[in-house]
Amino acid sequence: MTAVEDPAAPVDAPAKEVGQARRRKEDARLITGRTTWTDNMVLPGMLHLAVLRSPVAHGRITHLDVSAAKERGGVVAVYTGRDLAEEQGSLPCAWPVTPDMVNPGHPSIAVDQVNHVGEAVAIVVARSRTAAADALEAIDVDYEPLPVVLDMEQAVQDGSPLVHDSTSSNTSYHFVFDAGEAGTGADTDGAFADAEVTVSRRFVQQRLIPAFMEPRSVVVQPSGDSYTMWSATQIPHILRVMAAMVTGIPEHKLRVIAPDVGGGFGGKLQVNPEEILCLLIARRLGKPVKWTETRSESLMTAHHGRDQVQFIDIAADRDGTVRGLRVRLLADMGAYLRLITPGVPALGAFMFPGIYKFPAYRFECDGVFTNKVPTDAYRGAGRPEATFAIERIMDELAVELDMDPLELRRKNWIGAEEFPFTTVAGLEYDSGDYHQATEQALQLIGYDELRAEQRRRRESGDPVQLGIGFSTFTEMCGLAPSRVLGSLAFGAGGWEQASIRMLPTGKVEVVTGSTPHGQGHETAWSQIVADQLGVPFEDVEVLHGDTAISSRGLDTYGSRSLVVGGTAVVKAAEKVVQKARVIAAHLLEASEDDLEFTGGKFTVRGTPGAGVGIQEVALAIFAAHDYPEGIEPSIDAEATFDPENFSFPHGTHICAMEVDTETGFVKIRKYACVDDVGTIVNPLIVEGQVHGGLAQGIAQALYEEAIYDADGNLTTGSFVDYLVPAASDLPHFDTGNTVHAATSNPLGAKGVGEAGCIASTPAVVNAALDAVRHLGVSDIRMPLTPERVWRAVHQGGDGGDRAAAGSNAQGASAAEAAAASTDPSSNGSHL
Amino acid sequence: MTQINVRVDGASYQDDVEPRTLLVHYLREQLGKVGTVVGCDTSNCGACTVHLDGHAVKSCTVLAVQADGCQVTTIEGVATGEGPTATLHPVQRAFHEMHGLQCGFCTPGMIMASIDLLEENPDPSDEEVREGIEGNLCRCTGYQNIVRAVRQAAAEMSGTAADDPKAEPAAVDTAAAEHVAVQA
Amino acid sequence: MIPAPFAYARPTTVEEALQAIADGGEDVKVLAGGQSLIPVMRLRLAAPETVVDLTRVEGLRGVREEGDQLVVGAMTTHADVLTDPLLARYGQLVVQATETVADRQVRRRGTFGGALAHADPAGDLPAVALALDAEFVIAGSGGRRTVAAADFFVDYLTTVLEEGELLVEIRLPKLGEDWGVRYEKFNRVAQAWSIVAVAAAVRREGGRIAEARIGLTNMGPTPLRASATEAALVGVDVSMETVTAAAAQAAEGTSPSNDLNAQADYRQHLAQVLTRRAVAAAAGL
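Structure below.
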């Protein structure tokens, strides 16, 4: 069902690399422990940083004495916010989504006031990690507490305490997209006024933590007036530009290297306070410095994701034809605006209509400040939130209309023959077949048998009920057409860069501006280049992640790497072939027009036997003894690709869920999905991306939630309480694909990094609800803790708030926690 | 400072350590065994898993002084031979073959835990593998290909796998693997 | 995170250990398997002056038979418990509960005695020890004393162990073939601690229940016995009806906490459901 075969291909053509399940080149070092994580770096004279973090969510620093810490053994320096105030600038926010958006600025280290628990207050620089950590305990700080703002719905009320004194309210911005005003749809209020049926719901997108496995780590080495920064980042290129602008270090004096990076999921799409602080301190001391976070620091201070309250209304005819969609969001910014904090909900704004033909649509969003760590990109960034809302409300509408949820979807989705299709949000969907994907998914999961079992369990009153939930989703990938980003006021373009260097021995270096952190670029790019240049897969080396090697790039996020970065590689390879063709013609004493290029070889049409390989051309042009006049002796090439449109992967995800009505425990019985991610370069990598996305999307539905207590402490501050699922907590996934090539790039690829994460969450929640809807349940808040499910079943409502106290496990008594409160990096409250 | 004698990946070391030094920090910072990594501070993630006297432990929850007189095997010591000609452990090979890793940060611990599991249970079911590696968190893979890899390694180690290590991942596999095989 | 500095002692006998504890200053922590203590020290929620490591103390590891009792050394690891032939035969309730403790790496290091002395109410083994009326043998400078499980657990993370004392072994009754057991654990993910768990041992005589022992995990600051349920089960016919009726009293006298995973009323509900399931399974239903 997924093979991409070309029956017309000549039999003697070399096997195409694209489409092969190539095992990854990256693995060799990763499975043997020969990896270069940033924290592995050791430099002569290197000093270690430890950060004292605020234990209060909102307060004025009234007293800060670091003198005793400076006297501790091995301590070289201690800095406060006051010490660095003049030079630290503000961390950048690249996405002012409205012209009047309020950005109070974001110091890397607090100067007078702290606005969330975990904010940096002082930094110890010492000769060892241990000495630095020990000296934190000698710092004396007093805070004058300020009222803590935590709840968005209260924060936007008149008279609410303010997170920032300098602002007139806690609302950072009000962003509106109205299809009627934009000319992409009808008047929404009118559509609702005329509607036969309307359904309104309030959904909560809980706060999540990206929880990449490799903690963040930064090393900065000064050399004269130049600096090299190694960072566990997704975005070395963006970081370089931003860090130069923030610190005043000239861009050409700053080199940023992302070595092996252990996952990101958007969580490392950031300019972190500690990256700036390491630069500032390395500049002051003239010594290499390192900072590596603990997991507690990571959960508490690395940016979080999601955290929206969604008010969504849908209008339809009695026969199920949808008439309008209205969305109002409150989006929690946290205490500050980081790199794309305000833009995340705006990215989702265009995806709420999903795959359905709504004639009218209006979206409004308020970005709200609270005394929590900022939110920002997390796998899907805006699109999971949108997909959740639309796929949940479609089920609610189906219930209201007493229709089968799949029938309602079929009635309203875009037909395969209607592509390209311009949606009510103004996006042009490229290709797909929602019907085909759905039929395959139904087969894959064994739908009819599951429905039969569901009936049996209902009829027998089994305490374990079965439910089936759907998510028929699409998303926008391939970020992004630069003009579109410009129209949305994003601070950069969305192009990507690649260059190809043909080495004298015929080996090929591919330099990509898209920096991987687990995705397998080295393998996939090698496959692409092997096909384009006709060279062996093994002869291709992919270089990335170092601004001195890959000078231009916009890095990895938004399922953009293959779609945009891979296309840049194709374009660069085409240029290499073009340049080589001129030289090959010269060497073969033939006309360029008579040359054919297949399998890495230029041959002369009509002259059997005459030919030269592109790898031989590389050697010839290295020697440069004999080449045409008027050209440069090089076949190296570079290309920058700026897409003209997004790509739109889609798919149908089906979850079968068992709900133990006695305990509220939910267990996924089966999960099947069929995704259309366009042309597949490497099916193994694609499948892996889908699996990983599913795990994270399911985890949002069932397990993960960042919870703050009433004082603004992060209760889920360790993996004891922030529940990242283990192998035994997740089901087997049955996955499949349909292939409808993207039309916006020559590879036909649509992007796969976020699909599983975006699609799965509503399928899981819809499944749980389907299991217990006959018991009067119409919503359960995420994550579906057993307690919430049990309360919803037995007490009505959506399961309500969870208690905010941490689990008592692992044995930290209250007394011990209080005694440890002088060590804010552990913050006392999380055990 | 306390003196310890340990044998790590086949070499003997005598070192003075502070009693509070965690085994993982000793391995990384004093011996340069940076293949073993630290992923959390509550003993949940398992990224730091090594073998202590032949059994998998979390080296962030063992003091270096407790390893005195012990044999430690890290991810850097499970292959035989050196350099490009080294022979990978079947579990390492299977993680590669089955795409059981993405970013690779959890992989050293995951491999060390899996080797330990297979020594106790040479032919685990999917469910037994999932339970056997429940002390190791992976954020990338969704675990399915890790389960597949461990079972493939089990088959290879017991001699029931296809001789050709490049063989398609069919023997122990599932609907999803067929899907991969079809595409390949 | 790195623990705060401490002095380290590694005695090889119980006497040396007691001496090391006595000499260790104000705040001494005894390190058994370290699987709870070391994380707490890493987070600097505990910063003892001295750590006394029992790993090398002879005679504290292993299981032996003494008459109608099994004697489990305090330093017997969870992994040891899972492979011990005596426990396999007479201590299935301990084995079942131990299988659910943390993960295989932690079970390699963590110890039976350490888990009991730590007395975390969310830990799995205290409720088992309580249900079985285990006896705790405690060594101190004045010699040894034996304390019943009912007296051992005093409060949250607090046992009857005095400063300067050491738990050296735990005595468990051998449960013969007329006993059925079940440890019924309820948690959200594999790594999570019990929200509630129930340890049940049931002795059948013919079609009736002769004796039932039920321990509750995480239903209060200490492990608890479901005494009302135990009493209600004595002498009843083995049936789902009788078990269900008795289990309805399982939460009597409990005082569970409110936290992220569950609020008290839900925990009390779970205790009833899990007790019914555990007893039913133990009784062979």
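Residue numbers (the working numbering), protein chains in the order written: chain A, -11 to 819; chain B, 1431 to 1614; chain C, 81 to 365. Think of the CB as a built atom: it goes at the ideal place given N, C-alpha and C, for glycine as much as any other residue. Note that the structure is predicted; figures quoted are calculated from it, not measured.
Whole-angstrom C-beta distance between residue j and residue i, which should lie under 8 Å
i, j, result
"A/Ala121", "A/Ala56", "15 Å between Cβ atoms; not a contact."
"A/Gly541", "A/Glu484", "7 Å"
"A/Gly62", "A/Ser116", "6 Å"
"C/Ala197", "C/Ala279", "No, C/Ala197 and C/Ala279 are not in contact; Cβ-Cβ is about 18 Å, not under 8 Å."
Pick from the options that is closest to residue i, judged by C-alpha positions
i, options, result
"A/Lys13", "B/Leu1531, B/Cys1490 and B/Arg1581", "B/Leu1531"
"B/Leu1482", "B/Asp1471, B/Val1580, B/Val1495 and B/Cys1470", "B/Val1495"
"A/Ile245", "A/Gly251, A/Gln258, A/Leu265 and A/Ala220", "A/Ala220"
"A/Phe634", "A/Gln453, A/Pro408, A/Gln442 and A/Arg439", "A/Pro408"
"A/Gly506", "A/Lys345, A/Gln677 and A/Arg326", "A/Gln677"
"C/Ala326", "C/Ala272, C/Ile294 and C/Ala277", "C/Ile294"
"A/Ala743", "A/Glu463, A/Asp248, A/Leu40 and A/Asp182", "A/Glu463"
"B/Met1542", "B/Thr1515, B/Gln1444, B/Glu1459 and B/Ser1489", "B/Ser1489"
"A/Asp382", "A/Gln603, A/Gly312, A/Arg326 and A/Tyr324", "The residue asked about is misnamed: residue 382 of chain A is Met in this sequence, not Asp. Answer by Cα proximity: A/Gly312."
"B/Cys1533", "A/Ile19, A/Ala98 and A/Pro43", "A/Ile19"
"A/Ala737", "A/Arg779, A/Glu620, A/Val665 and A/Asp786", "A/Val665"
"A/Val565", "A/Ala518, A/Leu273 and A/Gln222", "A/Ala518"
"A/His782", "C/Ala306, C/Tyr346, C/Ala281 and C/Gln185", "C/Tyr346"
"C/Asp200", "C/Ser337, C/Val359 and C/Ala358", "C/Ser337"
"A/His638", "A/Arg314, A/Gln193 and A/Asp418", "A/Asp418"
Per-residue DSSP class, three states only, for residue i
i, result
"A/Asn633", "coil"
"A/Met339", "coil"
"A/Trp513", "helix"
"A/Arg761", "helix"
"B/Gln1582", "helix"
Whole-angstrom distance between residue j and residue i, CA atom to CA atom
i, j, result
"A/Ser284", "C/Arg124", "12 Å"
"C/Ala351", "A/Ala793", "20 Å"
"C/Ala317", "C/Val110", "Note on identity: in this sequence residue 317 of chain C is Asp, with Ala being the wrong assignment. Taking the straight line from one Cα to the other gives about 47 Å."
"A/Glu497", "A/Leu735", "20 Å"
"C/Val217", "C/Pro91", "19 Å"
"A/Ile197", "A/Leu385", "31 Å"
"A/Val259", "A/Leu138", "24 Å"
"A/Leu432", "A/Ala644", "12 Å"
"C/Ala112", "C/Glu95", "16 Å"
"A/Thr726", "B/Pro1538", "35 Å"
"B/Val1447", "B/Gln1460", "9 Å"
"C/Pro165", "C/Ala209", "19 Å"
"A/Ala114", "A/Gly255", "28 Å"
"A/Ser157", "A/His94", "17 Å"
"A/Trp25", "A/Val187", "50 Å"
"A/Asp755", "A/Gly455", "The sequence shown places Ala at residue 755 of chain A, rather than the Asp named in the question. Between A/Ala755 and A/Gly455, the C-alpha separation is close to 5 Å."
"A/Val310", "A/Gly342", "12 Å"
"A/Ala714", "A/Glu632", "40 Å"
"A/Gly599", "A/Val592", "6 Å"
"C/Arg184", "B/Asp1546", "9 Å"
Where the stretch 270 to 295 of chain C meets chain B: residues whose CB sits under 7 Å from a CB there: Ala270 and Gln271
Name the residues in the stretch 1473 to 1491 of chain B whose C-beta lies less than 7 Å from a C-beta of chain A; which are they? Asn1474, Cys1475 and Ala1477
Residues of the stretch 1519 to 1548 of chain B in Cβ contact with chain C at a cutoff of 8 Å, in chain order, please. Ala1543, Asp1546 and Leu1547
Under 7 Å, CB to CB, which of the residues in the stretch 107 to 123 of chain C have a partner in chain B? Gly114, Gln115, Ile118, Pro119, Arg122 and Leu123
What are the residues of the stretch 684 to 695 of chain A that lie near chain C, defined by any Cβ-Cβ distance shorter than 7 Å? Only Tyr691 and Ile695 from the stretch 684 to 695 of chain A bring a Cβ to less than 7 Å from some Cβ of chain C.
Return the residues of the stretch 769 to 793 of chain A that lie within a Cβ-Cβ distance of less than 8 Å from chain C, sorted by chain order. Thr773, Pro774, Glu775, Trp778, Arg779, Arg790, Ala791, Ala792 and Ala793
Listed in chain order, which residues of the stretch 1552 to 1574 of chain B have Cβ atoms closer than 8 Å to some Cβ of chain A? Asp1556, Glu1557, Val1559, Arg1560, Glu1561, Ile1563, Glu1564, Gly1565, Asn1566, Leu1567, Cys1568, Arg1569, Cys1570, Thr1571, Gly1572, Tyr1573 and Gln1574
Chain C contacts made by the stretch 1433 to 1455 of chain B, where a contact means CB separation under 9 Å: Glu1448, Pro1449, Arg1450, Thr1451, Leu1452 and His1455
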